[in-house]
Amino acid sequence: MSKKLTKNQRTILQLIEAKETETSAQNLHFEMQQTGLKIGLATVYRALKLLKVEGKIQERVTPEGESFYSKIGMAEHHHHHLNCVNCGQSYPLDVCPISQKITDWCQTQKFKVYYHTLEFFGLCADCQTQADNSECFNAN
Ligand SMILES: [Zn+2]
Ligand SMILES: [Zn+2]
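Numbered continuously in the numbering used here, the sequence shown closes out at residue 242.
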């Protein structure tokens, strides 16, 4: 089902594949303009959507609703995050808790797996300390 990519889509894919970290649509748009390419932000978003549907890139949406894009990593190159719901900090996990077994099971459901995400939400150490302190403060 792979369609032929347009020049803009290829350029965006190359920019994303050259990066070791995630990037935003705004950042990609900026980089393309820096190299003298005339492209609208809406075109960047459309290209990102198509690349996502084609399984060429992956998208991560933060708790604030911001999207970040990265290449579909080798299993060992992707990250899961611990997200603090109070301060919005994300802490990447070094390990992937999803086993090949689960991915294999998904394939048996006639589902073609491009990638997976797994995010944890809660309070970071700093915010827990703050919450504890304010409880003491209120009690007094
Ligand atoms: Zn926090
Ligand atoms: Zn994983």
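All C-beta atoms, glycine included, are put in the ideal place defined by N, C-alpha and C. All values reported here derive from a predicted model rather than from experimental measurement.
query, result
"Three-way DSSP call (helix, strand, coil) for Gln191 in this model", "coil"
"Residues whose Cβ lies closer than 5 Å to any heavy atom of ligand 2, in chain order", "Cys198, Ile200"
"Cβ-Cβ distance between Ala127 and Ser172 below 8 Å", "no"
"Spatial distance of Leu143 from Gln230 (CA atoms)", "39 Å"
"Whether Cys208 touches His182 by CB criterion (8 Å)", "no"
"Range of the contiguous beta strand (DSSP E) that encloses Val163", "159-163"
"Residue range of the unbroken beta strand (DSSP E) whose run includes Phe132", "No beta strand (DSSP E) holds Phe132; the alpha helix (DSSP H) holding it covers 127-136."
"Unbroken alpha helix (DSSP H) run spanning Leu117, endpoints", "109-119"
"Thr228 Cβ short of 7 Å to ligand 1 heavy atom set", "Looking at the sequence itself, residue 228 is Asp, so the reference to Thr does not match. Asp228 Cβ: within cutoff of ligand 1."
"Counted within 10 angstroms of its Cβ, other Cβ atoms place Thr113 as buried (16 or more) or exposed", "buried"
"Cross-strand partners of Cys186 (DSSP beta bridge)", "Gly224"
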